[in-house]
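Q: Keeping their order, the protein sequence lines are chains X and S.
Note that my numbering gives residue 192 to position 165 of the first sequence, counting from 1, and the numbers run on in steps of one.
Note that my numbering gives residue 208 to position 129 of the second sequence, counting from 1, and the numbers run on in steps of one.
The C-beta atom is built at its ideal place from N, Cα and C for all residues, glycine as well.
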Amino acid sequence: MQQLLEHPAVQGGVLPLIVALIFGAVFARTRYAWLALAVAFATMIALTVGFSFSPLTASRKVTLVLLAAALVGVVVDSWPSTARGFAPALAIAAGIVAPWVFLSILAQREATAGYVAAAGIAAFALVMTYAVMRLRSDGQRVGAAGLGLGLGVGIAAVLSASIGFLLSGVALAAACGAMLLVQLAFSRNIVPGFTATLPLGLGVALFAIGSVLLAELKWYFLPLFLLIPAAVALPAPGNLPRIVRAAILAGYACVAAAIPILAAWYAARGSLS
Amino acid sequence: MTKRLFALLLAIVPFAAIAAPETYTIDPYHTFPNFTVDHLGISTIYGRFNKNSGKVTIDRAAKTASIELNIETASVDTGDVEKGGRARTRDEHLRTADFFNAAEFPRMTFKSTKVAFSGDNPSVIEGDLTMVGVTKPVSLTVDRFKCNPASGNNKERCGGNATGKIKRSDFGMKFGIPNLSDEVTLLIMLEAVKD
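#1: Using the three-state DSSP reduction, which class does S:His-109 fall into: helix, strand or coil?
#2: Does S:Val-160 pass the burial test, meaning 16 or more other C-beta atoms within 10 Å, or should it be called exposed?
#3: Would you check if there are 3 or more beta carbon pairs closer than 8 Å linking the segment 168-182 of chain S to the segment 190-203 of chain S?
#4: May I ask you to list the residues that DSSP assigns as paired with S:Phe-128?
#5: Just by C-beta distance, which residues in the segment 242-274 of chain X are closer than 8 Å to chain S?
#6: Find the residues of chain X that neighbour S:Glu-183, judging by a C-beta separation of less than 9 Å, and give them in chain order.
#7: What does a CB cutoff of less than 8 Å around S:Tyr-125 pick up in its chain, not counting 5 residues either side in sequence?
#8: Buried or exposed for S:Asn-131, going by 16 or more other Cβ atoms inside 10 Å?
#9: S:Gly-251 touches chain X at which residues, Cβ-Cβ below 7 Å?
#10: Looking at the unbroken alpha helix (DSSP H) that takes in S:Asp-199, where does it start and where does it end?
#11: Check whether the segment 195-215 of chain X touches the segment 144-164 of chain X, counting contact only when three or more Cβ pairs, one atom from each stretch, lie closer than 8 Å.
#12: Starting from the C-beta of S:Tyr-108, find all residues in its chain whose C-beta is less than 8 Å away, skip the five residues before and the five after it, and write them out in chain order.
#13: Classify X:Ser-214 as buried or exposed, calling it buried when 16 or more other Cβ atoms lie within 10 Å of its own Cβ.
#14: What's the gap between the Cα of X:Gly-196 and the Cα of X:Leu-176?
#15: Using a Cβ-Cβ cut-off of 6 Å (strictly less than) and excluding sequence neighbours within five positions of X:Leu-133, which residues of its own chain qualify?
#16: Thinking X:Arg-163 and X:Gly-220 are a contact (beta carbons under 8 Å), I'd like their distance in whole angstroms, please.
#17: Compare the C-alpha of X:Ala-96 against each of X:Ala-85, X:Val-124, X:Phe-78 and name the closest.
#18: If we cut at 8 Å on Cβ distances, does S:Pro-257 have a partner in chain X?
#19: May I ask which residues mark the beginning and end of the alpha helix (DSSP H) holding X:Arg-161?
#20: Could you round the C-beta distance between X:Gly-39 and X:Ala-198 to whole angstroms and report it? I think they count as a contact, below 8 Å.
#21: Is it the case that the Cβ atoms of X:Gly-51 and X:Pro-226 are separated by a distance below 8 Å?
#22: Where do the N-terminal and C-terminal ends of the alpha helix (DSSP H) with X:Ala-200 fall, by residue?
#23: Is the beta carbon of S:Ala-166 less than 8 Å from the beta carbon of X:Ala-285?
#24: Does any CB atom of chain S fall closer than 8 Å to the CB of X:Val-76?
#25: So S:Asn-129 contacts chain X; which residues on that side make the cut at Cβ distance below 7 Å?
#26: Roughly how many whole angstroms lie between the Cα atoms of X:Leu-299 and S:Gly-255?
#27: Strictly below 7 Å CB to CB, what residues from chain X border S:Ala-166?
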């Protein structure tokens, strides 16, 4: 049993999937169902590096921010009237938080290079978070986006030498896949709200940035990840059978995710062969 | 009486000079912090850091010494330089946040806190190792130590080997345990040239 728990596929994929399935099913009729993402991610962290926040390294800040974002999402979703201004405000907050997460690395750069990198990081986190939050009323779109983003960022990360961010991405992908299944099982749209989209958008943005700053991913591949939420926003009629619509949206996400993965593969290998 | 005292002082001064602490600068071309880890319980992986610097101070008369070693984490080298069919090498992976986190912690340091002598030579070095932002005490056993006197254009050179063990999880480096062992053996080969 212990050997099984120590396998990276179990730590990053299988157990987060099972945990998210159970959590999502138990809370399917509440507004907390999509907390399954944060719970699945926390499961992966507990099984791999554990919860330790001293010293507060960039990787640990990523964990902290993702879990805090889920709680912020719950609070915002619980607000009596979810005003339209919440999404832009939260996206701007994500843009401010992202450079703070990687401050220890940015501070070691020349002043101008550091500021340029911080501005780029802030812009990417802001746009990614906003792009994912725009999908927040449609559980199938968010599930598909999370599947594509988690796999896209995770596989690009491992091609860039970071297994830690691979496991993080795969854990979120597994959780989003689990929530797609839960929605199919309950034959209903479980509204993700900010509870899912804020940690998902900000989380994958931070995994991708971390793969650039702490591993070997080229910075100019970051915008390619934005193709995934854009692809998932493509038309998918609501009157289609749920399973067909989920498959179409997941297909959009996976095709879009293949682009940054292939780019990272090409950069790592120097050729596609 | 005054003359005798003066003569005695004159006689002591050279010995006092010899007894003063002597400072040496680490020779980066002959100093390599090495490490070994167990891989899958099958074999032992050897690695080392290629870039380092530091100072050594020895006072043989007082039997005291100190050492400060600064190691550039990005210089980690396990001999895995060819990608082959893989996207990345093991050394590239070791530089990421999964292990040495070289972008965030470009240096690790060892600073001695106490050096025990056996005869004229250091035998055990107690010190603090700072790695990935965490400082923990480490004890190194000096297996050999020798100084070669200056000759010709060459300055006096001292050096030796020291070994110790750490648990990388103590430093928060938990990735891959237990497939890649928690216990890491340190083998530090050091040479330093007198200033």
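A: For this structure:
#1: Sequence index remark: in the second sequence, residue 109 of chain S carries index 30 (1-based). It is coil, neither helix nor strand.
#2: Counting from one through the second sequence, the residue named residue 160 of chain S turns up at place 81. Exposed.
#3: no
#4: Residue 128 of chain S sits at position 49 when you count from the first residue of the second sequence. According to DSSP, which records beta bridges pairwise, S:Phe-128 is partnered with S:Val-155.
#5: Ala-242, Glu-243
#6: Here residue 183 of chain S corresponds to residue number 104 of the second sequence, with the count starting at 1. Result: Thr-84, Ala-85, Ser-86, Phe-129, Ser-131, Ile-132, Gln-135, Leu-240, Leu-241.
#7: Taking the second sequence and counting its residues from 1, one reaches residue 125 of chain S at position 46. Once the five neighbours on either side are set aside, the close Cβ partners of S:Tyr-125 are Asn-113, Phe-114, Thr-115, Thr-157, Gly-158.
#8: Within the second sequence, residue 131 of chain S is the residue found at index 52, counting from 1. By the neighbour-count rule (16 or more Cβ atoms within 10 Å), S:Asn-131 is buried.
#9: If you number the second sequence from 1, residue 251 of chain S lands on position 172. The contacting residues are Ser-79.
#10: The residue labelled residue 199 of chain S in the question sits at position 120 within the second sequence. Premise fails: S:Asp-199 is in no alpha helix (DSSP H) and is neither H nor E.
#11: no
#12: Walking along the second sequence from the start, residue 108 of chain S turns up at place 29. Excluding residues within five positions, none has a Cβ falling inside 8 Å.
#13: Along the first sequence, one-based indexing puts residue 214 of chain X at 187. So X:Ser-214 ends up on the exposed side.
#14: Counting from one through the first sequence, the residue named residue 196 of chain X turns up at place 169. Counting from one through the first sequence, the residue named residue 176 of chain X turns up at place 149. Looking at the two C-alpha atoms, the distance is approximately 7 Å.
#15: In the first sequence, counting from the first residue as 1, residue 133 of chain X sits at position 106. Result list for X:Leu-133: Gly-141, Ala-144, Ala-145, in chain order.
#16: Taking the first sequence and counting its residues from 1, one reaches residue 163 of chain X at position 136. Taking the first sequence and counting its residues from 1, one reaches residue 220 of chain X at position 193. The pair is a contact, with the Cβ atoms about 5 Å apart (cut-off 8 Å).
#17: Counting from one through the first sequence, the residue named residue 96 of chain X turns up at place 69. It is X:Val-124.
#18: Translated into positions along the second sequence, residue 257 of chain S becomes position 178. True, the Cβ-Cβ gap to chain X drops below 8 Å.
#19: For the purposes of this step, residue 161 of chain X is taken as the residue at position 134 of the first sequence. X:Arg-161 -> no alpha helix (DSSP H), and no H or E assigned at all.
#20: Against the first sequence, residue 39 of chain X aligns to sequence position 12. Against the first sequence, residue 198 of chain X aligns to sequence position 171. About 5 Å; that satisfies the 8 Å criterion.
#21: Against the first sequence, residue 51 of chain X aligns to sequence position 24. Against the first sequence, residue 226 of chain X aligns to sequence position 199. Contact: no.
#22: Position 173 of the first sequence, counted from the start, is the residue given in the question as residue 200 of chain X. Note, X:Ala-200: alpha helix (DSSP H), 190-213.
#23: One-based indexing of the second sequence puts residue 166 of chain S at position 87. One-based indexing of the first sequence puts residue 285 of chain X at position 258. Going by C-beta atoms, S:Ala-166 is not nearer than 8 Å to X:Ala-285.
#24: As a first step, residue 76 of chain X is located in the first sequence; it is residue number 49 there, counting from the start. At least one chain S Cβ lies under 8 Å of X:Val-76.
#25: To locate residue 129 of chain S, count along the second sequence from 1; it is residue 50. Those do not exist, as S:Asn-129 stays about 19 Å from chain X at its closest Cβ, beyond 7 Å.
#26: On the first sequence, position 272 is the one that residue 299 of chain X refers to. On the second sequence, position 176 is the one that residue 255 of chain S refers to. A caution first: X:Leu-299 carries a pLDDT of 41, below 50, which makes its placement in the model unreliable, though a value can still be read off. Answer to the nearest angstrom: the Cα atoms are 29 Å apart.
#27: What you label residue 166 of chain S is simply residue 87 of the second sequence in a count that begins at 1. Within 7 Å Cβ-Cβ: Leu-186, Trp-292, Ala-295, Arg-296.
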